[in-house]
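Right, here's the structure in full:
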């Protein structure tokens, strides 16, 4: 296993190379990493890590993430068999999420969680409109973007003294794990300013929406 992990093929990035691509466009010789989207569990856990809510606690019984009442209403007895974990417990790794065949946590179901009705030797990776809708509008993402914005305001100097530019820069650093470019910072400032001046949205809510925007970027959801 160590030999595999230390190999150049395993550690390769998806960086394009025109010469290599011309000779092996299908990457059969593994000259680059095939970029992939994070799995359902990886995506949920990454959102918690970036927002700052992540709970690294290990072991113990399964957890019950909050599920929208509209989803619970699909049961014959809404909410039956589904617990009520504390917010801190809900932020643990997805491997601890209780799996009920007839009631799958929405974000996990959206992003191709293993089929719970049949044996599932391989997961299929799909791209569907409901994935984008869930990442933008779900209660989970709305709540986590709020927590993320609170984290950024605190790390950029506190909610009373943090300036918007510092918040934008720090948000990009945390979400994308790299230094932002000047253009990215300016685009972020322009978006927040438009939300405040054109839409009449408060500064705090505008920052939340910007954080939600970052969590919806391909760069956040894909491993390259």
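Numbering (the working numbering), first residue to last: 57 to 280.
From the three backbone atoms N, C-alpha and C, an ideal C-beta is built for every residue, glycine too.
- When Cβ pairs closer than 8 Å are counted between the two stretches, the segment 135-154 is seen to touch the segment 102-118, the count reaching three or more.
- Residue 93 and residue 277 have their C-alpha atoms roughly 6 Å apart.
- In the three-state scheme derived from DSSP, where H, G and I count as helix and E and B as strand, residue 152 is classed as helix.
- Secondary structure in the segment 104-169: no beta strand (DSSP E) run of 3 residues or longer lies completely within the stretch.
- The beta carbon of residue 149 lies closer than 6 Å to those of 101 in the same chain, with the five residues before and after it left out.
- Residue 89 places its beta carbon less than 8 Å from that of residue 70.
- For residue 135, the CB contacts under 7 Å within the same chain, skipping 5 residues up- and downstream, are 128 in chain order.
- With a contact defined as Cβ atoms closer than 8 Å, residue 273 and residue 251 miss out at about 17 Å.
- The alpha-carbon of residue 200 is positioned some 36 Å away from that of residue 60.
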